[in-house]
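**Student:** In this note's numbering, the protein residues as written are 92 to 450.
All residues carry an ideal CB built from backbone N, CA and C; glycine is no exception.
Note that the coordinates shown come from a computational prediction; the quantities given were computed from them, not determined experimentally.
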Amino acid sequence: MTVTAATLPPGSPSNRWDSTARTALRWLVAIGGALLVFAAFVASKGANPVDAYREMLTALLRVDSLGDVLNKATPIVLAALAVAVPARAGLTNVGGEGQLVLGGVAAAGVIQFLGGGAPTVVLLLAMVLAAALAGAAWAALAGYLRESFGINEAVTTLLLNYLAIDLMLYLIYDSWKDPGGSGQPATADLPLNARLPLLGSTGVHVGFLIAVGATALVWFLLTRTTWGFRLRIVGGNPEAARRAGYRVGLLVVGSMLVGGALAGIGGFTQLAGAELKLRPGFLVEYGYIGFLASWFARHRPVRAALAAVARAAITIAGDSLQIDSGLPAASVNILMALVLLAVFGWTGAQKRRRQAVAA
92 MTVTAATLPP GSPSNRWDST ARTALRWLVA IGGALLVFAA FVASKGANPV DAYREMLTAL
152 LRVDSLGDVL NKATPIVLAA LAVAVPARAG LTNVGGEGQL VLGGVAAAGV IQFLGGGAPT
212 VVLLLAMVLA AALAGAAWAA LAGYLRESFG INEAVTTLLL NYLAIDLMLY LIYDSWKDPG
272 GSGQPATADL PLNARLPLLG STGVHVGFLI AVGATALVWF LLTRTTWGFR LRIVGGNPEA
332 ARRAGYRVGL LVVGSMLVGG ALAGIGGFTQ LAGAELKLRP GFLVEYGYIG FLASWFARHR
392 PVRAALAAVA RAAITIAGDS LQIDSGLPAA SVNILMALVL LAVFGWTGAQ KRRRQAVAA
C-alpha cells in the first residue's frame with residue numbers, strides 16, 4: 092500500500108508560518124545587502140565599517156537620543172501622512188516640503204500679529220489652526236488645478252515648494268527679520284508662551300503626541316469611514332466612481348486639503364517645538380523624507396509613521412559618521428538611499444512574482 096503525504100491547504104497555520112519566515116529572510120537579505128554595500132563605501136573612505144556601525148549604535152542608544160529621534164520624526168511623520176491621504180485617491184503629493192514651510196510661516200505670522208501677550212492656550216491654538224489652514228490651502232490649489240485644468244498634481248506641488256520657500260525667505264530677509272538679532276536672516280525667537288511644552292524630563296515636545304494622534308486619526312478615516320472607502324474607489328477607477336455618483340472632484344480636492352493641513356501642522360510643531368524661529372534652512376528636505384517614508388510604507392498610515400521614525404533614527408545615528416568616523420556629512424544620505432533601493436527592489440520583485448503567478 093502506497094502512503095502519500097497530505098497536502099496542507101494554502102491557509103493553514105504551517106503554510107502561513109513558512110511564508111512569513113521566507114518573507115522575513117528575504118527582507119533580512121535585502122537590508123543586509125544594503126548594509127554590506129555601505130560598509131564597502133565606508134572602507135573605501137579609509138574608515139573601519141565595524142567601528143562606524145558600532146559608533147552609530149552607541150549614538151542611538153544614548154539617553155538623550157530618544158528625544159532627538161522623536162522630535163526629528165514629528166514633522167516627518169506628518170509629512171508622510173500628507174502624502175498617504177492623497178495617495179489613497181490616486182494622487183501624488185510631492186509638495187510636503189512647501190506645505191510644511193508654509194505651515195511654519197503661518198504659525199510665525201500669528202506671533203507677528205498677536206505678539207506674545209496672549210495666553211499660551213490661545214496662542215498655540217491660533218498657531219496650529221493658521222498652520223493647518225495655510226498647508227491645506229497650498230495643497231488644495233494643486234488639487235483644484237488638476238480637476239479644473241488637468242495639470243498633474245506632482246508637477247504643481249513640486250513647483251509650489253519653491254514658491255513657499257521663497258515666500259519665507261522674503262519675509263525673514265525683510266519685514267520679519269529680527270531687528271535685535273546678529274544680522275542673520277531669521278525671525279526673533281518665539282516667546283515662551285508660544286512654545287510647545289515638553290513631556291516631563293524626556294526632552295520630547297508635545298508635538299510628537301500630535302503626530303501620534305494624527306496617525307491614529309488618518310488610519311481611522313482611511314480604513315473605517317465611508318470617506319476613506321470612496322477615496323479608494325476614486326484612486327482605483329475614477330470613471331467608475333463618477334458613474335457611481337461620487338463627486339470625484341470634491342474627493343480629490345478634499346484629500347489634498349487634509350494632506351496639506353497635516354503637513355502644515357508639521358510645520359507648526361517644528362517651529363513651536365524645535366527650532367523656535369524661521370531661518371533659511373527651516374525644514375529643509377523634511378518634506379521629501381516624508382514622501383519617501385510614505386512610499387516606503389506603501390502609503391499605509393501606521394507603517395508610514397514607523398518608517399518616518401526609522402528615517403529619523405538613521406539620521407540621528409548617522410551624525411556619528413561625520414563626528415567619530417570622519418566621513419562626509421552626506422554619508423547618512425547614502426546609507427538611507429541604499430536601504431530604500433534595497434526595499435524598493437525587493438518589493439518590486441515581489442510584485443512581479445505575484446503578477447507572474449496570477450498570469
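By alpha-carbon positions, which one of A227, L281, V168 and L157 ends up nearest to D200?
**Tutor:** On the sequence shown, residue 200 is found 109 positions in, with the first residue counted as 1. According to the sequence shown, residue 200 is Gly rather than Asp. Minimum Cα distance to G200 is reached at L281.
**Student:** Give the single residue among Q361, I414 and L313 whose Cα lies nearest to the Cα of G195.
**Tutor:** On the sequence shown, position 104 is the one that residue 195 refers to. Taking only the C-alpha atoms, the option nearest G195 is Q361.
**Student:** Can you list, in chain order, the stretches of the beta strand (DSSP E) that have 3 or more residues and sit fully within the segment 403-440?
**Tutor:** Within the segment 403-440, no complete beta strand (DSSP E) run reaches 3 residues.
**Student:** According to DSSP, simplified to helix, strand and coil, what is L287?
**Tutor:** Position 196 of the sequence shown, counting from 1, holds the residue named residue 287. In the structure shown, L287 sits in coil (DSSP, three-state: anything other than H, G, I, E or B).
**Student:** Using only alpha-carbon positions, find the residue among W310, I425, R286 and E244 that is nearest to G206.
**Tutor:** Position 115 of the sequence shown holds residue 206. Among W310, I425, R286 and E244, the Cα nearest to that of G206 belongs to R286.
**Student:** At 4 residues or longer, what runs of the alpha helix (DSSP H) sit wholly inside the segment 109-184?
**Tutor:** Here the runs fully enclosed are 140-151 and 156-179.
**Student:** What first and last residue would you give for the alpha helix (DSSP H) that runs through G294?
**Tutor:** For the purposes of this step, residue 294 is taken as residue 203 along the sequence shown, with counting starting at 1. Looking at the DSSP string, G294 is not in any alpha helix (DSSP H), and its letter there is neither H nor E.
**Student:** With 16 as the cutoff for other CB atoms within 10 Å, does I356 come out buried or exposed?
**Tutor:** Within the sequence shown, the letter at position 265 stands for residue 356. Per the 10 Å Cβ criterion, buried.
**Student:** Got a sec? Which residues, its chain only, sit under 7 Å from R333 by beta carbon, not counting five neighbours each side?
**Tutor:** The sequence position of residue 333 within the sequence shown is 242, counting from 1. Here the set comprises V339.
**Student:** Which residue from L148, D269 and A352 puts its Cα closest to that of A302?
**Tutor:** Taking the first residue of the sequence shown as 1, we reach residue 302 at position 211. The shortest C-alpha separation from A302 is found at A352.
**Student:** Could you tell me if G208 is buried or exposed, where buried requires 16 or more neighbouring beta carbons within 10 angstroms of its beta carbon?
**Tutor:** Along the sequence shown, read from residue 1 onward, the residue named residue 208 stands at position 117. So G208 ends up on the exposed side.
**Student:** Please name the residue in E238, V375, G137 and V297 whose C-alpha comes closest to that of L412.
**Tutor:** Counted from its first residue, the sequence shown places residue 412 at position 321. The option with the nearest alpha carbon to L412 is G137.
**Student:** By how many angstroms is the C-alpha of L341 removed from the C-alpha of G350?
**Tutor:** Translated into positions along the sequence shown, residue 350 becomes position 259. Translated into positions along the sequence shown, residue 341 becomes position 250. Rounded to the nearest angstrom, the two C-alpha atoms are 14 Å apart.
**Student:** Using a Cβ-Cβ cut-off of 6 Å (strictly less than) and excluding sequence neighbours within five positions of H390, which residues of its own chain qualify?
**Tutor:** In the sequence shown, the residue the question calls residue 390 occupies position 299. Hits under 6 Å: A175 and A178.
**Student:** Does DSSP classify W386 as helix, strand or coil?
**Tutor:** Position 295 of the sequence shown, counted from the first residue, corresponds to residue 386. Correct three-state label for W386: helix.
**Student:** Keeping to the same chain, check which residues put their C-beta closer than 7 Å to that of L258; ignore five residues upstream and five downstream.
**Tutor:** Along the sequence shown, one-based indexing puts residue 258 at 167. Hits under 7 Å: V196.
**Student:** Nearest to A171 by alpha carbon, out of V343, L432, T247 and Y377?
**Tutor:** Along the sequence shown, read from residue 1 onward, the residue named residue 171 stands at position 80. Minimum Cα distance to A171 is reached at Y377.
**Student:** Can you give the Cα-Cα distance for L116 and P270, rounded to whole angstroms?
**Tutor:** The residue labelled residue 116 in the question sits at position 25 within the sequence shown. The residue labelled residue 270 in the question sits at position 179 within the sequence shown. Roughly 58 Å separates the two Cα atoms.
**Student:** Just to confirm, is the Cβ distance from T306 to P392 under 8 Å?
**Tutor:** For the purposes of this step, residue 306 is taken as residue 215 along the sequence shown, with counting starting at 1. For the purposes of this step, residue 392 is taken as residue 301 along the sequence shown, with counting starting at 1. Cβ distance < 8 Å, so T306 and P392 count as in contact.
**Student:** Anyone know if the C-beta pair for N252 and G189 falls short of 8 Å?
**Tutor:** One-based indexing of the sequence shown puts residue 252 at position 161. One-based indexing of the sequence shown puts residue 189 at position 98. In contact: N252 and G189 (Cβ atoms closer than 8 Å).
**Student:** Measuring CB to CB, does G226 end up less than 8 Å from G298?
**Tutor:** As a first step, residue 226 must be located in the sequence shown, where it is residue number 135. As a first step, residue 298 must be located in the sequence shown, where it is residue number 207. Going by C-beta atoms, G226 is not nearer than 8 Å to G298.
**Student:** With 16 other CB atoms within 10 Å as the buried threshold, where does F311 fall?
**Tutor:** Residue 311 sits at position 220 when you count from the first residue of the sequence shown. Its Cβ having fewer than 16 others within 10 Å, F311 is exposed.
**Student:** Residues in the same chain with beta-carbon distance under 8 Å from R321, minus the five sequence neighbours each way, listed in chain order, please.
**Tutor:** The residue you call residue 321 lines up with position 230 of the sequence shown. A332, Y337 and L342, listed in sequence order.
**Student:** Please state if the CB of L191 and the CB of A399 are separated by a distance shorter than 8 Å.
**Tutor:** Here residue 399 refers to the residue found at position 308 when the sequence shown is read from its first residue. Here residue 191 refers to the residue found at position 100 when the sequence shown is read from its first residue. No; because the gap between Cβ atoms is not below 8 Å, this pair is not in contact.
**Student:** Three or more C-beta pairs closer than 8 Å, one from the segment 153-162 and one from the segment 290-297: is that the case here?
**Tutor:** Yes, the segment 153-162 is in contact with the segment 290-297.
**Student:** Less than 8 Å between the CB atoms is what I'm expecting for I167 and I425, so what's the real figure, rounded?
**Tutor:** Against the sequence shown, residue 167 aligns to sequence position 76. Against the sequence shown, residue 425 aligns to sequence position 334. So it is not a contact: roughly 19 Å between Cβ atoms.
**Student:** Which same chain residues, not among the five before or five after T95, have their C-beta less than 8 Å away from its C-beta?
**Tutor:** Walking along the sequence shown from the start, residue 95 turns up at place 4. Low confidence applies to T95: its pLDDT is 49, below 50, so where it sits in the model is not reliable, and the reading given next is rough at best. Cβ within range, chain order: n/a, list empty.
**Student:** Cα-Cα, which of A134, L431, S239 and S385 is closest to S416?
**Tutor:** Walking along the sequence shown from the start, residue 416 turns up at place 325. Of the candidates A134, L431, S239 and S385, the one whose C-alpha sits nearest the C-alpha of S416 is A134.
**Student:** Buried or exposed for L169, please, with buried defined as at least 16 other CB atoms from any protein chain shown within 10 angstroms of its CB.
**Tutor:** Sequence index remark: in the sequence shown, residue 169 carries index 78 (1-based). Burial call: buried.
**Student:** Just to confirm, are V219 and F359 a CB contact at a threshold of 8 Å?
**Tutor:** Here the question's residue 219 lines up with position 128 in the sequence shown. Here the question's residue 359 lines up with position 268 in the sequence shown. Result yes, Cβ atoms of V219 and F359 sit closer than 8 Å.
**Student:** Can you tell me whether E330 is buried or exposed, with buried defined as 16 or more other CB within 10 angstroms of its CB?
**Tutor:** Translated into the one-based positions of the sequence shown, residue 330 becomes position 239. Counting Cβ neighbours within 10 Å, E330 comes out exposed, since fewer than 16 surround it.
**Student:** Who are the near neighbours of W267 in its chain, counting only those whose CB is closer than 8 Å to its CB and skipping five residues on each side?
**Tutor:** Looking up residue 267 in the sequence shown gives position 176. A199, Q203, T278 and L369.
**Student:** Can you tell me the Cα-Cα spacing of L127 and L418, whole angstroms?
**Tutor:** Here residue 127 refers to the residue found at position 36 of the sequence shown. Here residue 418 refers to the residue found at position 327 of the sequence shown. Using only the alpha carbons, I get a separation of about 17 Å.
**Student:** Contact check, W229 vs L193 under 8 Å by CB: the rounded distance?
**Tutor:** Numbered from 1 along the sequence shown, position 138 holds the residue referred to as residue 229. Numbered from 1 along the sequence shown, position 102 holds the residue referred to as residue 193. The Cβ separation is near 5 Å, so the contact holds.
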